[in-house]
Amino acid sequence: MPANLSRLCFIFNPISGTNRRFDLRGLLHRQLGKQYALSYEIRPTEYAGHAEELARTAAAEGFGIVVAVGGDGTVNEVGRGLLGTGAAMAVLPRGSGNGLARHLGIPMDAAAAVSLLRRPRVLPIDVGRLNGRPFFCTAGLGFDAHVSRCFAEAGTRGLATYVRVALREYGRYRPTPVTIELGGQQLQSDCYMLAFANAAQYGNNAYIAPLADIRDGLLDLCLIDHMPLSRAIRVAYGLAAGSLPSSGAVVYHTARTVRVTAPHPLGFHLDGDFAGEAREIQVELEPLALPVVVGTAFR
Ligand SMILES: Nc1ncnc2c1ncn2[C@@H]1O[C@H](COP(=O)(O)OP(=O)(O)OP(=O)(O)O)[C@@H](O)[C@H]1O
1 MPANLSRLCF IFNPISGTNR RFDLRGLLHR QLGKQYALSY EIRPTEYAGH
51 AEELARTAAA EGFGIVVAVG GDGTVNEVGR GLLGTGAAMA VLPRGSGNGL
101 ARHLGIPMDA AAAVSLLRRP RVLPIDVGRL NGRPFFCTAG LGFDAHVSRC
151 FAEAGTRGLA TYVRVALREY GRYRPTPVTI ELGGQQLQSD CYMLAFANAA
201 QYGNNAYIAP LADIRDGLLD LCLIDHMPLS RAIRVAYGLA AGSLPSSGAV
251 VYHTARTVRV TAPHPLGFHL DGDFAGEARE IQVELEPLAL PVVVGTAFR
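Right under this line is the structure:
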């Protein structure tokens, strides 16, 4: 368990989300006043990747809770910095998708999310690794990774940009043949996309694996081999309605470890951010490896 849950460090990504006017200091002053016997500091990020260093330093300084103030990219960096330190991660959702926060039952309202920190409920969650690199919510190959790369190059952020990029790329993207090894079996398939879900959703309540349990020691794999228009419509509906497993449009597996090989390098994303390309991809799950603050209704 974390050493000192009354010392909080807020790591604030000023470019997350689309609303730039956010008075974090005022919010914390109102929500975590003197009567709660808490101490806190705010440390803004100055560049991409900085949150990981800031989180590791904060844990070493004895902060028991390190709060990622941002979206899933910031959460990924803070989580990476905290692995193995014993400090717990909390999330103050400020991104455009906020997949992990939503899965953990953290309120999207900033004041309500901060109020959870007065008496935090801390539980450990599983952590995924793709070629050794951690992810906490989802990782993926194929179309969703391709869209995350195009999104990063789009110049603007937010859900509207994401949907515009996804619709444009849908007509262009082609599947790749892959070999998937899991649970002692070897599958040959085309891969339009393959998602590795630790949490149930990508963000924005788009449920890629609604049955995923972030504490069960298993990844939920969601494979789509081809995406004709009729299937794309069923997938889009299933994502929004949380009914993808019964749509007949996708195939699910569960596994602790998965190996994917492709004839040419395949792009991959980690928690929604494009993260590279590889021909051989090894995905593993480390059970209950990171303590996190969860919402009151989280089970
Ligand atoms: N000071 C900074 N300047 C530039 N980039 C930064 C800075 N701090 C963090 N970043 C980068 O900003 C990126 C986006 O952050 P984040 O994912 O938190 O927001 P988002 O994309 O709006 O949210 P979501 O992932 O929920 O859609 C991250 O990849 C992170 O590395």
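Numbering (full-length UniProt numbering), first residue to last: 1 to 299.
Think of the CB as a built atom: it goes at the ideal place given N, C-alpha and C, for glycine as much as any other residue.
Cutting at 6 Å between CB atoms, please list the residues of its own chain near residue i, excluding the five before and the five after it.
i: I208; result: A195, A197, Y202 and C222
i: G155; result: none
i: G184; result: none
i: L141; result: L194, L266 and F268
i: V258; result: L182 and V283
Going by DSSP, name the residue or residues bridged to residue i.
i: L130; result: R133 and V283
i: N98; result: G203
i: M89; result: V66 and V292
i: G142; result: M193
i: T179; result: Q188 and T261
i: R7; result: S39
i: C222; result: A195 and Y252
i: F12; result: P44 and V69
i: R121; result: V294
Go through its chain and collect everything with a Cβ distance to residue i's Cβ below 7 Å, but skip five positions before and after it.
i: D144; result: M193, A195 and H269
i: G217; result: D126, R256, L285 and P287
i: A206; result: L239 and A240
i: S16; result: G70, G71, T74, R94 and G95
i: L97; result: The question names Leu, yet the displayed sequence has Gly at residue 97. Cβ within range, chain order: G71, D72, Y202, G203, N204 and G272.
Return the Cβ separation of residue i and residue j in integer angstroms, given the expectation that the two are a contact with Cβ distance under 8 Å.
i: N76; j: F135; result: 6 Å
i: Q31; j: S148; result: The pair is not a contact, with the Cβ atoms about 33 Å apart (cut-off 8 Å).
i: H220; j: A212; result: Looking at the sequence provided, one finds Asp at residue 220 rather than His. Yes, they are in contact, since the Cβ atoms of D220 and A212 sit about 4 Å apart, within 8 Å.
i: F298; j: G105; result: 4 Å
i: T296; j: A199; result: Actually they do not touch by this definition, with Cβ atoms about 18 Å apart.
Please go through the same chain and pick out, in chain order, the residues whose beta-carbon is closer than 8 Å to the beta-carbon of residue i, but skip the five residues on each side of it.
i: L82; result: A55, R56, A59, V66, A88, M89 and L290
i: H264; result: T176 and R279
i: S6; result: A37, L38, S39 and G64
* To do: Identify every run of the alpha helix (DSSP H) within the region 235–278, keeping only runs that are complete inside it and at least 4 residues long; order them along the chain.
  => none
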